[in-house]
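**Student:** This is the structure, below, for whatever I ask next.
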Amino acid sequence: MRKRNTISGIFLLALTIGYGVMTANLPTRAIEDSTQPSFFPWVVTVCLLILSLLLLLQGVLPIASIQAPAPINVKKWKIFSALISVIVYLVALPQLGFVVANIVLFGALMLLYGERRPVPLISGSILVPIAIFLIFRDLFQIRLPSGILGGII
Numbered sequence: 003m004r005k006r007n008t009i010s011g012i013f014l015l016a017l018t019i020g021y022g023v024m025t026a027n028l029p030t031r032a033i034e035d036s037t038q039p040s041f042f043p044w045v046v047t048v049c050l051l052i053l054s055l056l057l058l059l060q061g062v063l064p065i066a067s068i069q070a071p072a073p074i075n076v077k078k079w080k081i082f083s084a085l086i087s088v089i090v091y092l093v094a095l096p097q098l099g100f101v102v103a104n105i106v107l108f109g110a111l112m113l114l115y116g117e118r119r120p121v122p123l124i125s126g127s128i129l130v131p132i133a134i135f136l137i138f139r140d141l142f143q144i145r146l147p148s149g150i151l152g153g154i155i
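Numbering (my numbering), first residue to last: 3 to 155.
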């Protein structure tokens, strides 16, 4: 496992460096108070760099042997159902809009993977898409499709 982590860490580190070089060459915009096109690629670069270094360290440093957890057994029909849900989501996104489409997707995936408590199911599937929409709209100033809620949000 240590050898695999070391090789994977080196590969991901090289990939991150290449991605960082491409990100550094992205054009800038002259619009004030707006997110530059390179903002999210830099976020991805930094996150990938940190995770690559951690994986590399995990492979290089001697760590006390910890028993590996048992693999999670997910039924194939659940994976297929989730894939179909995402495809339906992508088709419906332009018409329904980001918020409504994600409420339906999050609720469906939470039900599919076993969440049955009504409060976390309803609040999670409603509040998370609204929070993401508001963060992108107000903080990053990136417009997401509003769909059927166009006059409201």
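Positions of the beta carbon are idealized from the N, C-alpha and C atoms, including for glycine. This one's a predicted model, so the numbers in the text were calculated from it and none came from an experiment.
Which residue spans inside the segment 28 to 84 form an unbroken beta strand (DSSP E) run of at least 3?
**Tutor:** none
**Student:** From Y115, L107, L85, A133, pick the residue whose C-alpha is nearest to that of N75; which is it?
**Tutor:** Nearest option by C-alpha distance: Y115.
**Student:** When you compare only the Cα positions, how much space is there between I150 and Q97?
**Tutor:** 7 Å
**Student:** Is DSSP giving L146 helix, strand or coil here?
**Tutor:** coil
**Student:** What span of residues does the alpha helix (DSSP H) with R4 cover, start to end?
**Tutor:** Per DSSP, R4 belongs to the alpha helix (DSSP H) from 4 to 26.
**Student:** Report buried or exposed for S125, applying the criterion of at least 16 other Cβ atoms within 10 angstroms of its Cβ.
**Tutor:** exposed
**Student:** Taking the beta carbon of T30 as the centre, do at least 16 other beta carbons fall within 10 Å, making it buried, or is it exposed?
**Tutor:** exposed
**Student:** Could you check where the alpha helix (DSSP H) with F100 kicks off and where it finishes?
**Tutor:** 100 to 114
**Student:** Inspect the beta-carbon positions of G99 and P147 and report whether they are closer than 8 Å.
**Tutor:** yes
**Student:** Identify, in the order they occur along the chain, each residue of the same chain with its Cβ nearer than 7 Å to the Cβ of R145, setting aside the five sequence neighbours on each side.
**Tutor:** So the qualifying residues of the chain are R139.
**Student:** Would DSSP call R139 helix, strand or coil?
**Tutor:** helix
**Student:** Pair every Cβ in the segment 9 to 16 with every Cβ in the segment 54 to 62, then say whether three or more of these pairs are closer than 8 Å.
**Tutor:** yes
**Student:** Since I believe T25 is in contact with W1 (beta carbons under 8 Å), could you give me their beta-carbon distance rounded to a whole number of angstroms?
**Tutor:** The chain is shown from 3 up to 155; residue 1 falls before or after that span and cannot be answered.
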